[in-house]
Structures are given as structure tokens and as C-alpha cells.
Amino acid sequence: MRTVTLPLLAILGLCGASTARAADLDYDYLRGADYDPVPAPVVDWSGVYVGGHGGYTSAALGFKNALQPLVYQRSHDTTAESDFRASTLLSPQSKRVGSGSFGVYAGYNIQYDSFVFGIEGDYTNFGRMGYSRDSINISRTNSANLLEDLYLSGTSATRINDYGTLRARVGYAADNLMPYVTGGLAIGRARAADSLVYYDSGFDVSAYNANLAGTKTFVNTFGSYYNDPKSKTKVVAGVALGAGLEYAITPNILLRAEYQYVLFNQFDGHKVNLNTVRAGAAVKF
């Protein structure tokens, strides 16, 4: 009997010790160590940035008053101006031309809470030209009782070589995204070319008919012909407005999509406005 009892007590003692140790065991130890998730990098939009851009520019070119000075230079103090208002007769239609454009930009931002304020300058190469023609022929008796024939033909062309802008920016930072608006000044290099063919002639119909009838009568006549091409390169100023969306891939690499509108002041009767959509990439320091 004693032989059976001693081994049984030993087994029960071992089981009790194992149960006690299991009750004291920390289950957190079995799950392994806790790790905090790595926070996403916080983008600080403040600082200097430099980048490049490329896109498509559409130029609206106006020539309504471009030929008036050339015509008036020839028609003033004549019946072509006083009777026919020659300088107002030519009005070439507007044209639109488009092409790829590219350039560089740089700027500086300061961030206050979620708002970002900055200043940016950019340069864009465009190099497109558009032109328009108009002509008219009038033949009627003028105030001097002469049959006058007036022919005008003109061509106007504008080429935008390149331009730059200096603009203020205001954006709203939402983590890695920043929508923004921008506005400022623009300056560009443009080439304006105008060409005019001017022909004005007349004669006394009554005297001419009398001569045909055999009566010798002096026939009062006049005539003038000019072909005036003019071309010049101008530096023109204007305004620039735009809006865009910038995305920070990393705190130092920025991508953007942007729309920009540029309106230049009228020069020599030529008008120009530019609409550009473009994408860009920059490095922030």
C-alpha cells in the first residue's frame, strides 16, 4: 500500500507546481513585443524650390487695329480718308495658334499652420507665330467729282518668342497635397509684323468722256501706290493668373499640375493672351 501511495503523491505535487507556474505566466510575453506604427513623414512646405515644367500653350492673337496707322500714314489729307475713311477699312480677324511649351521655375514658401504663402518666378519658351489678312476695293465718285478707285490689302502677324512671370502664391496644405492660386506680373518678347499694299487713283469722268467725243479737255487724274512692310521686336508687359495642385512625393520632391493665364498689354495694335496647361517637378531645399 505504501508503495503505491508515494509515487501518486509525487505525481500530484508535480502537477500542482506546473499549474502554479502557468498561472503566473504573462500572456503578453507569448504575444511578442508591441511595436508603434511608423508615422508618415510630415511635409513642411517652407523653403526654396527649383524645378522644370512642360505643357501646351494656346495663344489668342488680335489684329483689329494693327493696320490703321500704316493706312493713315498714306491716306491722311486725301479724299481716301475724308470720303472713304480708309484707315478704318482694314480689320484682320483674330487667330489662335497653339504648341508645346517648356521652361523652368523657382520660388520660396513660408508655411503658417495649414496656409502656405510664397513667391515664384518662371520662364516659358513658346516660339509660335500667327497671322491674318484683310483686303478691300472701293470705286465711286468722291467729293471732288472724280471717280476714285481705292484698293487696300494688309497682313498682320505676331510671334511670341518667350515670356516670364513673377507671381505671389497662396496655398492650403492638406498633408502631402497643396492646392494653390497665384497671380502677378508677366513680361515677354514679341515680334509684330505688318504689311500694307495701298493703291489710290482717280480721274475726271466728264472730261474723259468729252475727250472721247472729240473735245480736247484736260483730264484731272491722280494715283499713288505703296507697299509698306514693317517689323519690330518688342518687350511687352502684362498680368499672369493661375491655379494648381502640388503633391509632395517626399518632403523634398514635389510634383505639380497647373493652369496659367497671361494677358499682355496691347502693342502696335496687336493683342495677345496665353492659356497654358502644364505639369512640373521640383526639388525643395
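Mind the numbering: the sequence shown is residues 1 to 285 in this note's numbering, read in order.
C-beta atoms are modelled at their ideal positions from N, C-alpha and C, and glycine is treated no differently.
Residue i - DSSP class collapsed to helix/strand/coil
i	result
A80	helix
D28	With a pLDDT of only 48 at D28, under 50, the local geometry of the prediction cannot be trusted, and the value read off the model is given with reservation. If DSSP states are grouped into helix, strand and coil, D28 belongs with the helices.
P251	coil
L90	coil
V43	coil
L67	coil
R85	coil
S231	strand
S206	helix
S201	strand
Beta bridge counterpart(s) of residue i as assigned by DSSP
i	result
K271	G62
Q260	G242 and T276
Q111	V116
A293	The chain is shown only over 1 to 285; residue 293 falls outside these bounds and no answer can be derived.
R189	D162 and V235
G100	Y56
Near the ligand COA: residue i beta-carbon under 7 Å from a heavy atom
i	result
K234	No copy of the ligand COA occurs in the structure displayed, which carries no ligand at all.
Residue i to residue j span [Cα, whole Å]
i	j	result
L147	S94	34 Å
N227	G242	43 Å
A80	L150	7 Å
F267	S206	46 Å
A22	A173	Note on A22: pLDDT 42, under 50, position unreliable in the model; no value is reported.
For residue i, the nearest candidate out of the options (CA to CA)
i	options	result
L90	P69, N145 and A106	P69
G100	F126, G244 and N109	F126
R278	V43, G47, Y49 and S58	S58
S62	T141, Y56, V116 and T155	It is Gly, not Ser, that sits at residue 62 in the sequence shown. Minimum Cα distance to G62 is reached at T155.
S114	V43, R133 and N142	V43
Y112	V50, G171 and T158	G171
D204	Y261, D162, L245 and N145	N145
Using 8 Å as the Cβ pair cut-off and three pairs as the minimum, do the segment 241-254 and the segment 68-83 touch? no
Any 3 or more C-beta pairs closer than 8 Å across the segment 176-185 and the segment 152-168: yes
Between the segment 233-247 and the segment 127-141, do at least 3 Cβ pairs fall closer than 8 Å? no
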